[in-house]
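The structure under discussion appears below in the form of C-alpha coordinates.
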Amino acid sequence: MRQVAKELRRRQQKHIQAQQNPDGSPFVPRKKKRRDKQGRIKRKMFTKLRTARFIKTESSTDEAAVTFSGKVNNMVRVHHYGLRDKVTKNGPTVKYERRQLLGFTDGDSEWIGDLALEWLAK
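Numbering (my numbering), first residue to last: 290 to 411.
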(Lines of atoms letter the chains of each structure in order from A and count residues from 1; the text may use other names and numbers.)
(Lines give C-alpha, C1' and ligand atoms only; values in the text may rest on other atoms or scores of the structure.)
Protein backbone atom coordinates (compact mmCIF):
# COMPACT_ATOMS: atom_id res chain seq x y z
CA MET A 1 0.00 0.00 0.00
CA ARG A 2 2.93 2.31 0.58
CA GLN A 3 3.87 2.19 -3.11
CA VAL A 4 0.25 2.93 -4.04
CA ALA A 5 0.26 6.01 -1.81
CA LYS A 6 3.55 7.24 -3.28
CA GLU A 7 2.31 6.79 -6.84
CA LEU A 8 -0.96 8.57 -6.00
CA ARG A 9 1.07 11.48 -4.62
CA ARG A 10 3.10 11.63 -7.84
CA ARG A 11 -0.08 11.68 -9.90
CA GLN A 12 -1.58 14.47 -7.77
CA GLN A 13 1.64 16.48 -8.08
CA LYS A 14 1.44 16.20 -11.87
CA HIS A 15 -2.14 17.55 -11.85
CA ILE A 16 -1.13 20.50 -9.70
CA GLN A 17 1.90 21.18 -11.88
CA ALA A 18 -0.28 21.11 -15.01
CA GLN A 19 -2.75 23.47 -13.27
CA GLN A 20 -5.62 21.03 -13.87
CA ASN A 21 -8.52 19.71 -11.84
CA PRO A 22 -8.72 15.90 -11.60
CA ASP A 23 -11.37 15.88 -14.35
CA GLY A 24 -8.87 17.50 -16.75
CA SER A 25 -10.35 21.01 -16.80
CA PRO A 26 -7.89 23.86 -16.16
CA PHE A 27 -7.80 25.74 -12.87
CA VAL A 28 -9.72 29.00 -12.82
CA PRO A 29 -7.02 31.66 -13.31
CA ARG A 30 -6.19 34.22 -10.66
CA LYS A 31 -8.17 37.43 -10.67
CA LYS A 32 -6.50 40.30 -12.50
CA LYS A 33 -5.26 43.09 -10.27
CA ARG A 34 -6.41 46.54 -11.28
CA ARG A 35 -2.93 48.00 -11.06
CA ASP A 36 -1.04 45.00 -12.39
CA LYS A 37 1.91 45.57 -14.72
CA GLN A 38 1.46 44.33 -18.27
CA GLY A 39 3.67 41.49 -19.46
CA ARG A 40 4.83 40.52 -16.00
CA ILE A 41 5.80 36.87 -15.56
CA LYS A 42 3.75 35.25 -12.83
CA ARG A 43 4.41 32.03 -10.98
CA LYS A 44 1.98 29.18 -11.37
CA MET A 45 -0.40 28.63 -8.50
CA PHE A 46 0.49 26.15 -5.76
CA THR A 47 4.14 25.64 -6.77
CA LYS A 48 5.30 24.94 -3.22
CA LEU A 49 2.22 22.89 -2.34
CA ARG A 50 3.10 20.12 -4.76
CA THR A 51 6.34 19.30 -2.93
CA ALA A 52 6.61 16.22 -0.71
CA ARG A 53 6.98 18.57 2.25
CA PHE A 54 3.29 19.47 2.05
CA ILE A 55 1.67 16.48 0.30
CA LYS A 56 1.92 13.59 2.73
CA THR A 57 1.18 9.93 2.21
CA GLU A 58 -0.35 7.63 4.78
CA SER A 59 -0.65 3.90 4.36
CA SER A 60 -1.56 0.80 6.30
CA THR A 61 -2.16 -2.78 5.27
CA ASP A 62 -5.72 -1.96 4.16
CA GLU A 63 -5.62 1.61 2.85
CA ALA A 64 -3.55 4.37 1.31
CA ALA A 65 -4.18 8.11 1.59
CA VAL A 66 -2.73 11.34 0.23
CA THR A 67 -3.25 14.43 2.40
CA PHE A 68 -1.91 17.92 2.90
CA SER A 69 0.05 18.58 6.06
CA GLY A 70 -0.50 20.93 8.95
CA LYS A 71 -0.91 24.64 8.42
CA VAL A 72 -1.53 24.54 4.68
CA ASN A 73 -4.51 22.25 5.18
CA ASN A 74 -6.93 25.15 5.79
CA MET A 75 -5.72 27.06 2.74
CA VAL A 76 -6.01 23.95 0.58
CA ARG A 77 -9.54 23.30 1.88
CA VAL A 78 -10.60 26.85 0.94
CA HIS A 79 -9.29 26.49 -2.62
CA HIS A 80 -10.48 22.89 -3.06
CA TYR A 81 -14.11 23.65 -2.16
CA GLY A 82 -14.25 27.32 -3.24
CA LEU A 83 -14.95 28.76 0.22
CA ARG A 84 -14.59 32.25 1.69
CA ASP A 85 -11.50 33.19 3.68
CA LYS A 86 -9.48 36.20 4.77
CA VAL A 87 -6.59 37.14 2.51
CA THR A 88 -4.52 38.30 5.48
CA LYS A 89 -5.11 38.16 9.21
CA ASN A 90 -6.95 41.49 9.39
CA GLY A 91 -7.75 41.77 5.68
CA PRO A 92 -11.01 41.49 3.77
CA THR A 93 -12.90 38.24 3.32
CA VAL A 94 -12.79 36.95 -0.24
CA LYS A 95 -14.54 34.09 -2.03
CA TYR A 96 -11.99 31.84 -3.70
CA GLU A 97 -12.71 29.97 -6.91
CA ARG A 98 -12.95 26.20 -6.73
CA ARG A 99 -9.70 24.50 -7.71
CA GLN A 100 -9.69 20.78 -6.91
CA LEU A 101 -6.21 19.91 -5.72
CA LEU A 102 -6.79 16.25 -4.84
CA GLY A 103 -9.01 13.75 -6.56
CA PHE A 104 -9.20 10.63 -8.69
CA THR A 105 -9.11 10.65 -12.46
CA ASP A 106 -10.44 7.84 -14.62
CA GLY A 107 -6.83 6.77 -15.17
CA ASP A 108 -6.22 6.60 -11.42
CA SER A 109 -9.28 4.40 -10.90
CA GLU A 110 -8.22 2.06 -13.70
CA TRP A 111 -4.66 1.92 -12.35
CA ILE A 112 -5.85 1.01 -8.85
CA GLY A 113 -8.22 -1.61 -10.29
CA ASP A 114 -5.36 -3.16 -12.27
CA LEU A 115 -3.18 -3.22 -9.14
CA ALA A 116 -5.94 -4.96 -7.20
CA LEU A 117 -6.35 -7.58 -9.93
CA GLU A 118 -2.58 -8.19 -10.03
CA TRP A 119 -2.53 -8.60 -6.27
CA LEU A 120 -5.46 -11.03 -6.31
CA ALA A 121 -3.79 -13.06 -9.08
CA LYS A 122 -0.74 -13.69 -6.88
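For each residue, glycine too, the CB sits at the ideal point set by N, CA and C.
Would you list the residues sitting across from Thr346 in a DSSP beta bridge?
Val355
Would you mind stating whether Ala353 and Leu404 have Cβ atoms separated by less than 8 Å?
no
DSSP state of Val376 mapped onto helix, strand, coil:
coil
For the beta strand (DSSP E) that contains Lys384, what are its first and last residues?
Thr382 to Lys384
Less than 8 Å between C-beta atoms, sequence neighbours within five positions excluded: which residues of the same chain meet that for Arg366?
Leu372
Please report the straight-line C-alpha distance between Leu391 and Lys384, rounded to a whole angstrom.
20 Å
Consult DSSP for Gln302 and reduce its assignment to one of helix, strand or coil.
helix
Apply the 10 Å Cβ neighbour rule to Arg388 and answer buried if 16 or more other Cβ atoms are within range, or exposed otherwise.
buried
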